[in-house]
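Enquirer: Counting from 1, one number per residue, gives the positions in the sequence shown under the UniProt record's numbering.
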Amino acid sequence: MASRKYRGIEIDSAHIDMAKNLDSVNELIDELRDLQSTWNNLSLLGELTNVGAEISDTRQHFQKLAGDLTNFLVEQSTHQAVEMLSTRAQNAIDILVRNLYERTADIGFLATDPVFAKLCVDAQTAPLTAEALAGTHQRMKDYVSKYSVYKNVVLLDSQARVMVDMLDQLTPGISLGWIREAVLKGSQ
1 MASRKYRGIE
11 IDSAHIDMAK
21 NLDSVNELID
31 ELRDLQSTWN
41 NLSLLGELTN
51 VGAEISDTRQ
61 HFQKLAGDLT
71 NFLVEQSTHQ
81 AVEMLSTRAQ
91 NAIDILVRNL
101 YERTADIGFL
111 ATDPVFAKLC
121 VDAQTAPLTA
131 EALAGTHQRM
141 KDYVSKYSVY
151 KNVVLLDSQA
161 RVMVDMLDQL
171 TPGISLGWIR
181 EAVLKGSQ
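1. Answer yes or no: do residue 29 and residue 7 have a C-beta to C-beta separation smaller than 8 Å?
2. Helix, strand or coil for residue 84 per DSSP?
3. I need the DSSP call for residue 146, collapsed to helix, strand or coil.
4. Less than 8 Å between the CB atoms is what I'm expecting for residue 86 and residue 24, so what's the real figure, rounded?
5. Pull the bridge partners of residue 115 from the DSSP assignment, please.
6. Assuming the contact rule is C-beta atoms closer than 8 Å, residue 56 and residue 43 should be a hit. Round their C-beta distance to whole Å, please.
7. Pull up the distance between the alpha-carbon of residue 147 and that of residue 180, whole angstroms please.
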């Protein structure tokens with residue numbers, strides 16, 4: 001693998017961008033550079049006392065070791081960061097899936113609720129009574145307060161006309177034709 005000097009330490013070229021962003025690597029390099037400076041001084045003294053070749057050889061081994069240590073630290077730090085990000089990403093996906101499952105469960109329950117189903121059937125043959133609407137309205141509120149995160153539930157008839165709006169923001173009988181069009185388009 002190709003290598004380059006980064007702050008006086010020879011490391012793999014592929015690690016340089018990561019090394020620039022890792023405080024632990026930069027702290028290690030500072031310590032290694034201090035030690036390298038000591039080896040340089042010893043090497044100079046060794047040349048004066050005729051043991052220069054041995055000290056110079058040791059200094060070169062130290063330089064290689066410094067590069068190996070730095071490469072190892074970059075690899076380990078990168079691995080830890082990837083593991084941490086993978087865990088966070090998996091947690092985010094799990095939350096999303098759980099939320100989608102819960103929303104599907106809400107819609108499934110509301111769509112098969114016998115009170116809501118009876119109201120829809122009754123509405124096809126006769127106008128709904130105030131009592132039936134009030135009971136349905138209360139059932140929606142009870143369900144949402146216990147089981148759902150929805151702020152509002154709207155019950156529509158087969159023609160996408162509002163039957164009951166839990167928050168009373170939509171007038172009963174008003175048509176939400178765009179919903180019907182979307183449902184018809186989606187089933188084709």
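Ideal placement from N, C-alpha and C gives every residue a C-beta, glycine not left out.
Because the structure is a prediction, the values reported are computed rather than measured.
Expert: Taking the definition as stated:
1. Locating residue 29 in the sequence shown gives position 29, counting from the first residue. Locating residue 7 in the sequence shown gives position 7, counting from the first residue. Yes, they are a contact pair.
2. Walking along the sequence shown from the start, residue 84 turns up at place 84. DSSP places residue 84 in helix when its eight states are reduced to three.
3. Walking along the sequence shown from the start, residue 146 turns up at place 146. The answer is helix: DSSP assigns residue 146 an H, G or I state.
4. Here the question's residue 86 lines up with position 86 in the sequence shown. Here the question's residue 24 lines up with position 24 in the sequence shown. Between residue 24 and residue 86 the Cβ distance is about 20 Å, and since that is not below 8 Å, they are no contact.
5. For the purposes of this step, residue 115 is taken as the residue at position 115 of the sequence shown. DSSP lists no partner for residue 115.
6. Counting from one through the sequence shown, the residue named residue 56 turns up at place 56. Counting from one through the sequence shown, the residue named residue 43 turns up at place 43. With a Cβ gap of about 5 Å, residue 56 and residue 43 count as contacting.
7. Walking along the sequence shown from the start, residue 147 turns up at place 147. Walking along the sequence shown from the start, residue 180 turns up at place 180. Cα to Cα, residue 147 sits roughly 27 Å from residue 180.
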